[in-house]
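Accompanying notes for the structure given below.
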Amino acid sequence: MMCRGVAGVFCITFLLVITVLSHAEPNELQLTFVGDIMAHDVNYRMQNFSLIYERVKEYFTNDDLTFGNLEFPVVDDLPFSTYPAFNVHRSYVEAALAASFEVFSIANNHSLDKGKTGVLKTLGSLLMLKEGAGGRMYYSGIRGDTSRSFTPTVIRENGFRIGFLAVTQFLNLPQPSPYIYVVDYTNPAIRARFLEEIRSLTPRFDLFILSFHGDAEYQLSPHPEKRAFFRELLEAGVGIIWGHHPHVFQPYEIVTVDGTQRLIMYSMGNFVSGQGYHGKPGDAGDRWAYTGDSVLLRVRVTKTPHGVNVVSAEPVLIALYTTPTRDIVVDRLDRLAAAPIDPSWREYYRKRLGIMTHFLENMDTYLQ
1 MMCRGVAGVF CITFLLVITV LSHAEPNELQ LTFVGDIMAH DVNYRMQNFS
51 LIYERVKEYF TNDDLTFGNL EFPVVDDLPF STYPAFNVHR SYVEAALAAS
101 FEVFSIANNH SLDKGKTGVL KTLGSLLMLK EGAGGRMYYS GIRGDTSRSF
151 TPTVIRENGF RIGFLAVTQF LNLPQPSPYI YVVDYTNPAI RARFLEEIRS
201 LTPRFDLFIL SFHGDAEYQL SPHPEKRAFF RELLEAGVGI IWGHHPHVFQ
251 PYEIVTVDGT QRLIMYSMGN FVSGQGYHGK PGDAGDRWAY TGDSVLLRVR
301 VTKTPHGVNV VSAEPVLIAL YTTPTRDIVV DRLDRLAAAP IDPSWREYYR
351 KRLGIMTHFL ENMDTYLQ
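1 is the number of the first residue of the sequence shown in this note's numbering; add one for each residue after it.
This is the structure we're talking about:
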């Protein structure tokens, strides 16, 4: 049995209801998931990184935990750098923390962009960021001590003991790295070992959340083998699978396993990037336009006698907007479609709103 979280897309996208935005009650969690937080040159040239989040941070400040994928090393003694080998400074991540992000995946194909030294220095940066956040920052996916196993990060929130683990299917550099948790599900032996590991881990937590970075880029439908692997992960005890890497949004679905509802997000697309920076107002129907809009997925989780239950997953359509000062910011797509901006761009966002609303209403067709 399964249900798609499409009902309510209009009320969530168009209305800001205080009860929707409020923190969860005890034994209930309100979680928000986004996709890739990237750092192209047009992003890190901004003078004020907090502007990226300003128009949507109300969703992050009024939930229990907000999740984002950091698609770059964080090394302060190297310069900022863009594709194909990213790097940022702590200030770039501090803006996300200030906007009330708490949980980060660090395992992705760009984790090794600055080599082993970059991984180790990223860990040092994350420790300093965590200290600066008063300890309220959680991350998973890389390690500094290869003699120790990758283990889930433990998050205690609102009466829940949460296990959070982040893995990536591959790295951009050809050599393997023992510092990054790589799980290529297309390799049967690796897949079997990982599923066995997950089966041993999940009983220790009320809720187990797995971040998975992989699959082909720019595809609106998940690969059938990834779908099968994700179903196996749910059956192994994972409560929420948070997928990213394709840089475009893919469907999500709520699936009933062993009497409880669990959530799969196949790809959350881009939250912030510079991939669509050179797009034009006439490109609304172009496939590349999907790299510039996505959703915030607001997920409500409760405890039941049978275990943790994903009660709802409500999408808020978002898009990237280049301001008159050339800052790239995230805003609600419906607001941009009615904003007092250049009429040609307003029409672009109006068309994208229609396209993405249709996508959400017809997610089944992308899961065939």
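Note that CB positions come from ideal geometry on N, CA and C, so glycine has one too.
Open item on the list: For His244, count the other beta carbons within 10 Å of its own beta carbon; 16 or more makes it buried, fewer makes it exposed. Which is it?
Closed with: For the purposes of this step, residue 244 is taken as residue 244 along the sequence shown, with counting starting at 1. With 16 or more other Cβ atoms within 10 Å, it is buried.
Open item on the list: I need the boundaries of the alpha helix (DSSP H) containing Tyr92, first residue and last residue.
Closed with: Residue 92 sits at position 92 when you count from the first residue of the sequence shown. From DSSP, the alpha helix (DSSP H) with Tyr92 extends over 90-98.
Task: Assigned exposure category for Asp334 - 16 Cβ within 10 Å defines buried - done: Residue 334 sits at position 334 when you count from the first residue of the sequence shown. Asp334 should be labelled buried.
TODO: Closer than 7 Å by C-beta to Asn362: which residues in its own chain qualify, once you throw out the five before and the five after it? Chain order, please.
DONE: Within the sequence shown, residue 362 is the residue found at index 362, counting from 1. Closer than 7 Å at Cβ, skipping near neighbours: no residue.
Task: Where the alpha helix (DSSP H) containing Glu314 begins and where it ends - done: Position 314 of the sequence shown, counting from 1, holds the residue named residue 314. In the DSSP assignment, Glu314 falls outside any alpha helix (DSSP H) and lies within the beta strand (DSSP E) extending over 307-322.
Open item on the list: Run through the DSSP bridge pairs and tell me what Phe212 is partnered with.
Closed with: Counting from one through the sequence shown, the residue named residue 212 turns up at place 212. Partner(s): Val167, Gly243.
TODO: Could you tell me the boundaries of the alpha helix (DSSP H) in which Glu200 lies?
DONE: For this step, residue 200 is matched to residue 200 along the sequence shown. The sequence as given places Ser at residue 200; Glu does not occur at that position. 188-201 is the span of the alpha helix (DSSP H), which, as asked, contains Ser200.
Open item on the list: Here's the rule: buried if 16 or more other CB atoms are within 10 angstroms of the residue's CB, otherwise exposed. What is Gly35?
Closed with: Position 35 of the sequence shown holds residue 35. Residue environment analysis places Gly35 among the buried positions, since at least 16 neighbouring C-beta atoms fall within 10 angstroms of its C-beta.
Open item on the list: So, at 7 Å on beta carbons, what are the nonlocal neighbours of Glu157 in its own chain, with the 5 sequence-adjacent residues on each side left out?
Closed with: Within the sequence shown, the letter at position 157 stands for residue 157. If you ignore the 5 residues before and after Glu157, its C-beta comes within less than 7 Å of the C-beta of Leu29, Asp64, Leu65, all in its own chain and listed in chain order.
Open item on the list: Closest to Leu31 by C-alpha separation, out of Ala339, Glu314, Val88, would be which residue?
Closed with: Position 31 of the sequence shown, counted from the first residue, corresponds to residue 31. Distance from the Cα of Leu31 is smallest, within the candidate group Ala339, Glu314, Val88, for Glu314.
Open item on the list: Taking only three categories from DSSP, how would you classify Leu234?
Closed with: Position 234 of the sequence shown, counting from 1, holds the residue named residue 234. In this structure, Leu234 counts as helix in the three-state DSSP scheme.
- [ ] Can you grab the Cα-Cα spacing for the pair Gly285 / Lys351, in whole Å?
- [x] As a first step, residue 285 is located in the sequence shown; it is residue number 285 there, counting from the start. As a first step, residue 351 is located in the sequence shown; it is residue number 351 there, counting from the start. Rounded to whole angstroms, Gly285 to Lys351 spans 8 Å at the Cα level.
Open item on the list: Helix, strand or coil, according to DSSP, for Met268 in the structure here?
Closed with: As a first step, residue 268 must be located in the sequence shown, where it is residue number 268. In the displayed model, Met268 falls within a strand according to three-state DSSP.
Task: Nonlocal neighbours in the same chain, by C-beta distance under 6 Å from Gly141, ignoring five residues either side - done: Here residue 141 refers to the residue found at position 141 of the sequence shown. Apart from sequence neighbours up to five positions away, the residues of its chain that approach Gly141 with a beta-carbon distance below 6 Å are Ser105, Ile106, Ala107, Ala166, Tyr181, ordered along the chain.
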